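Trainee: One structure, pasted below without further comment.
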Amino acid sequence: LTTGDPIQMGRLTRGGRPSTCGGPNACAIFDPSLFHYKAHTFVNTSSSPACVVATITTACSVANRIFAGAYLNSFDPANICTNNIGDSGFSPIPGAPTRSFAFTVPAGATYIIVVSEVDANAGCSDYTLYVTGVPCPALALNISTRMQVQTGDNVLIGGFIIGGTEPKDVAVRGLGPSL
């Protein structure tokens, strides 16, 4: 976060309890000052609701702490409680540089994770945001293997594993005299 990043009005109250997928924390604005933020947008591409876990890791100091909140469909920097669906509860700090929180995202919905300053104009660009729990869009992969096919204990067995519980479309192409 730097002074060149956009500004939001206020910051969320850090209640000391990270949100969970069972429901968000109550949203309250702690300080009506102006704070810089960065917004990271994601989409739940699955056909069912997802429990999303956001983990933020930082090397920032106590003097330039950060805080994270999650928003459903849009983020309004003039009213940071609008569409709020969860927050980290407290800031990562030296000695405890990683904080996680969870929230539920409906099927097909867009969500935004906003990382903001705790202290106005303190800045902190040294953070990493990890997001898990929402399926990623399908990727086309080109997997190829070339090996000598033998017999007995040295027979070549090729294969792959497709994970998950939802049906998937797969295209497989085999070339060669024995396929």
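Last residue of the sequence shown: 183 (the working numbering), numbering continuous. Built from N, CA and C at the ideal position, the CB exists for glycine as well. Just so we're clear, the structure is a prediction, and the values are computed from it rather than from any experiment.
Over what stretch of residues does the beta strand (DSSP E) that includes P194 continue unbroken?
Mentor: The question about residue 194 has no answer here: the residues shown for the chain are numbered 5 through 183.
Trainee: Note down the Cα distance separating T102 from G156, rounded to an integer number of angstroms.
Mentor: Translated into the one-based positions of the sequence shown, residue 102 becomes position 98. Translated into the one-based positions of the sequence shown, residue 156 becomes position 152. Near 51 Å, if we compare the C-alpha coordinates of G156 and T102.
Trainee: Within 10 angstroms of the Cβ of Q154, are there 16 or more other Cβ atoms? Answer buried if so, exposed if not.
Mentor: Taking the sequence shown and counting its residues from 1, one reaches residue 154 at position 150. Exposed.
Trainee: Determine the direct distance from the alpha carbon of L16 to that of S65, and round the result to whole angstroms.
Mentor: If you number the sequence shown from 1, residue 65 lands on position 61. If you number the sequence shown from 1, residue 16 lands on position 12. When rounded, the distance between both Cα atoms is 19 Å.
Trainee: List the endpoints of the continuous beta strand (DSSP E) containing N77.
Mentor: Within the sequence shown, the letter at position 73 stands for residue 77. Per DSSP, N77 belongs to no beta strand (DSSP E) and is neither H nor E.
Trainee: Do you know offhand how far I70's Cα is from C55's?
Mentor: Residue numbering aside, residue 70 sits at position 66 when the sequence shown is read from its first letter. Residue numbering aside, residue 55 sits at position 51 when the sequence shown is read from its first letter. Distance between the alpha carbons of I70 and C55 is about 23 Å.
Trainee: Do I117 and A74 count as a contact pair if the criterion is CB distance below 8 Å?
Mentor: Reading the sequence shown from its first residue, position 70 is the one you call residue 74. Reading the sequence shown from its first residue, position 113 is the one you call residue 117. Yes; because the gap between Cβ atoms is below 8 Å, this pair is in contact.
Trainee: Residues bridged to R103 by DSSP?
Mentor: As a working mapping, residue 103 is identified with position 99 in the sequence shown. According to DSSP, which records beta bridges pairwise, R103 is partnered with I60.
Trainee: Mind checking D91: buried by the 16 CB within 10 Å criterion, or exposed?
Mentor: Sequence index remark: in the sequence shown, residue 91 carries index 87 (1-based). So D91 counts as buried.
Trainee: Could you give the DSSP three-state label for G156: helix, strand or coil?
Mentor: For the purposes of this step, residue 156 is taken as the residue at position 152 of the sequence shown. Three-state DSSP puts G156 in a helix.
Trainee: For S120, list the residues DSSP reports as bridge partners.
Mentor: Within the sequence shown, numbered from 1, the residue matching residue 120 stands at position 116. Paired residues: Y41, F71.
Trainee: When DSSP builds the beta bridges, which residues end up paired with V66?
Mentor: Position 62 of the sequence shown, counting from 1, holds the residue named residue 66. DSSP lists no partner for V66.
Trainee: For P171 and N48, I'd like the C-alpha separation in whole angstroms.
Mentor: Counting from 1 along the sequence shown, the entry for residue 171 is found at position 167. Counting from 1 along the sequence shown, the entry for residue 48 is found at position 44. Roughly 17 Å between the two C-alpha positions.
Trainee: For T62, is the classification buried or exposed, using 16 other Cβ atoms within 10 angstroms of its Cβ as the cut-off for buried?
Mentor: On the sequence shown, residue 62 is found 58 positions in, with the first residue counted as 1. Buried, since its Cβ has 16 or more Cβ neighbours within 10 Å.
Trainee: Run the CB neighbour count on I60, radius 10 Å, all protein chains shown included, and call it buried at 16 or more, exposed below.
Mentor: Indexing the sequence shown from 1 puts residue 60 at position 56. So I60 ends up on the buried side.
Trainee: Beta-carbon separation of A106 and C25 under 8 Å?
Mentor: The residue you call residue 106 lines up with position 102 of the sequence shown. The residue you call residue 25 lines up with position 21 of the sequence shown. Contact: yes.
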